[in-house]
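J.: Structure provided below as structure tokens; questions to follow.
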Amino acid sequence: MSDASVSATGLLATAVAALGGTERAGQLTMATAVEHSLHSGEHLVVQAGTGTGKSLAYLVPALAHAIEQSSPVVVSTATIALQRQLVDRDLPRLAEALAPSLARKPRFAILKGRGNYLCLNKLHNGAASDQEVPDTLFEPFAASALGRDVQRLNDWAESTKTGDRDELKPGVPDRSWSQVSVSARECLGATRCPFGTECFAELARLEAGQSDVVVTNHALLAIDAIADINILPEHDAVIVDEAHDLVDRVTSVATQELSAVGLTVTIRRIGRLVSPETASRFEASSATFSSLIHDSRPGTIDRADEETVTYLTALRDAAAAGAYRDPHRPVHRPGNGLRTHGSGCRSRRYRRRGFPGIGLLGRTGHHRTAQCGVAGS
Numbered sequence: 001m002s003d004a005s006v007s008a009t010g011l012l013a014t015a016v017a018a019l020g021g022t023e024r025a026g027q028l029t030m031a032t033a034v035e036h037s038l039h040s041g042e043h044l045v046v047q048a049g050t051g052t053g054k055s056l057a058y059l060v061p062a063l064a065h066a067i068e069q070s071s072p073v074v075v076s077t078a079t080i081a082l083q084r085q086l087v088d089r090d091l092p093r094l095a096e097a098l099a100p101s102l103a104r105k106p107r108f109a110i111l112k113g114r115g116n117y118l119c120l121n122k123l124h125n126g127a128a129s130d131q132e133v134p135d136t137l138f139e140p141f142a143a144s145a146l147g148r149d150v151q152r153l154n155d156w157a158e159s160t161k162t163g164d165r166d167e168l169k170p171g172v173p174d175r176s177w178s179q180v181s182v183s184a185r186e187c188l189g190a191t192r193c194p195f196g197t198e199c200f201a202e203l204a205r206l207e208a209g210q211s212d213v214v215v216t217n218h219a220l221l222a223i224d225a226i227a228d229i230n231i232l233p234e235h236d237a238v239i240v241d242e243a244h245d246l247v248d249r250v251t252s253v254a255t256q257e258l259s260a261v262g263l264t265v266t267i268r269r270i271g272r273l274v275s276p277e278t279a280s281r282f283e284a285s286s287a288t289f290s291s292l293i294h295d296s297r298p299g300t301i302d303r304a305d306e307e308t309v310t311y312l313t314a315l316r317d318a319a320a321a322g323a324y325r326d327p328h329r330p331v332h333r334p335g336n337g338l339r340t341h342g343s344g345c346r347s348r349r350y351r352r353r354g355f356p357g358i359g360l361l362g363r364t365g366h367h368r369t370a371q372c373g374v375a376g377s
């Protein structure tokens, strides 16, 4: 594989022949460019129209590079549909077709956020019953529907090998899935959980760590870049498909939203759960913060001003009083960002940590060099 151009075109020809397709000039050009990027460490942006065959054009050199360098390549997508196409159709066929031309048969896996996997501890230990449920669940029909869904999830848990929500057909509403899943923050951790060795999320991470190509989504890619721990396996190349959606997906992960409507709904729900004094305090701080939102102009504020910090602190302390949390946790850290939507949306978005924009793909250390941003037409 000393000649990147010959290697790319040769492997692509093998793959296309095995899959019964037809070689396309744009596909050949893209495959050559992707392999050059992977070998040189240079960034690459490709605008590929429908019918180009872009998936094969980046998967073929990615598989070859991963095996040659003994380091996985991460492929990030925006949609579940494309993830399923890559994992269920393209990669299995490519692995078979390219195995004779590579040092060994390529391995691949899909990795999602923890909330996408069924939690055995929550399922078996009845943690779902301790959750606060929406008021609508007290209606007989809604309650019975929830019960049926949870029973079906219990039955499915006995047969599923992955615990992946997307493999449950037909699916269930979010409120039903929340009864058998946990977020990363809620998770006990593999070492403390009685089901740690059987955990679907941990098994998915283990499989990803042993794969040549790891398919994930933009949200998890962003979390991996922002978080203090590595979620994705160590890798030296990232390919971002559906890159036109990357900014929006990263923004949704890197921000939290507070709205006047959301605060009002929260006050109404917690009114019966906390003391009148706490409820009144939360209502007052919410009203003050809502007025701040109303007067805001659209835009992004990289550093919250003193007035905003004061109002946020009051709101946080009121919430902490009801949740018995530490009221002294800092609200704002240097590098946090604040996005305001002005009086039209009545909400503000707060960036959780400093984030270098698209530069997240050029991070050193855990993520080293070559990245290919593939934008569809």
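Numbering (UniProt numbering), first residue to last: 1 to 377.
Note that beta-carbon positions come from the ideal geometry of N, C-alpha and C, so glycine has one too.
Quantities reported herein were computed from a predicted structural model and do not represent experimental measurements.
(1) Please name the residue, chosen from L19, C199, E207, V238, that lies closest to A97 on a Cα-to-Cα basis.
(2) Please confirm whether any heavy atom of the ligand HEM lies closer than 7 Å to the CB of D166.
(3) For S194, which residues in the same chain have their Cβ closer than 7 Å to its Cβ, ignoring the five residues on either side in sequence?
(4) Do you know how far the Cα of V253 is from the Cα of G147?
(5) Per DSSP, I110 forms a beta bridge with which residues?
(6) According to DSSP, is S7 part of a helix, a strand, or is it coil?
(7) How many Å lie between G10 and V60 at the Cα?
(8) Near H332, which residues of its chain fall below 6 Å by C-beta distance, leaving aside the five closest residues on each side in sequence?
(9) From V306 to E167, what distance separates their C-alpha atoms?
(10) Which of helix, strand or coil does DSSP assign to T160?
(11) Determine the closest residue to H124 out of S144, A157, A95, with distance taken between C-alpha atoms.
(12) Can you give me the C-alpha to C-alpha distance between T52 and A8, rounded to a whole angstrom?
(13) Roughly how many angstroms separate the alpha carbons of L273 and V182, rounded to a whole number?
(14) Which residues mark the beginning and the end of the beta strand (DSSP E) in which A237 is found?
(15) Can you round the beta-carbon distance between I110 and V215 to whole angstroms, since I take them to be within the 8 Å contact cut?
(16) Taking the alpha carbon of S76 as the reference point, which residue from V87, E68, S70 has its own alpha carbon closest?
(17) Count the CB pairs spanning the region 224–233 and the region 258–269 that are closer than 8 Å, and state whether there are at least three.
(18) Please report the distance separating the alpha-carbon of V16 from that of R107.
(19) State the DSSP-derived secondary structure class of V46, mapped to helix, strand or coil.
(20) With the cut-off set at 8 Å, would you say V213 and V34 are in Cβ contact?
(21) Verify whether the separation of the beta carbon atoms of M30 and A57 is less than 8 Å.
(22) With distances taken from CA atoms, which of G115, V46, L82, A48 is nearest C187?
(23) Indicate the three-state DSSP secondary structure (helix, strand or coil) for G354 in the structure shown.
(24) Measuring CB to CB, does S176 end up less than 8 Å from D149?
(25) If you check the beta carbons only, do L102 and A64 fall under 8 Å apart?
(26) Tell me whether V75 sits in a helix, a strand or coil according to DSSP, three-state version.
(27) Please state if the CB of L220 and the CB of K54 are separated by a distance shorter than 8 Å.
(28) Considering just the uninterrupted stretch of the alpha helix (DSSP H) at V261, what are its terminal residues?
(29) Report buried or exposed for L206, applying the criterion of at least 16 other Cβ atoms within 10 angstroms of its Cβ.
(30) Near G163, what residues of its chain come up, given a Cβ to Cβ distance below 7 Å and the 5 sequence neighbours on each side ignored?
(31) If we ignore side chains and look at the alpha-carbon of each, how far apart do L82 and A314 end up?
(32) By DSSP, does E68 sit in helix, in strand, or in coil?
(33) Check the DSSP bridge columns for Y117 and list the partner residues they point to.
(34) Mind checking whether A265 and A222 have CB atoms under 8 Å apart?
(35) From H218 to R84, what does the alpha carbon distance come to, in whole angstroms?
T.: So, from the listed chains and residues:
(1) L19
(2) Inclusion of the ligand HEM in the displayed structure is not the case, the ligand content being empty and no account of it being possible.
(3) The question names Ser, yet the displayed sequence has Pro at residue 194. Closer than 7 Å at Cβ, skipping near neighbours: N121.
(4) 31 Å
(5) V215
(6) helix
(7) 10 Å
(8) Any reading at H332 must be qualified, since the residue scores a pLDDT of 39, below 50, and its modelled position is unreliable; no value is offered.
(9) Here the sequence assigns Glu to residue 306, which means Val is not the residue at that position. Using only the alpha carbons, I get a separation of about 48 Å.
(10) coil
(11) A157
(12) 16 Å
(13) 23 Å
(14) 235–241
(15) 5 Å
(16) V87
(17) no
(18) 19 Å
(19) strand
(20) no
(21) yes
(22) G115
(23) Because the pLDDT at G354 is just 36, under 50, the model does not fix this residue reliably, and the value given afterwards should be weighed accordingly. Reduced to three states, the DSSP call for G354 is coil.
(24) yes
(25) yes
(26) strand
(27) no
(28) 260–270
(29) exposed
(30) Y117, L118, F200
(31) 44 Å
(32) helix
(33) D164
(34) Residue identity differs from the one stated: residue 265 is Val in this sequence, not Ala. Going by C-beta atoms, V265 is not nearer than 8 Å to A222.
(35) 15 Å
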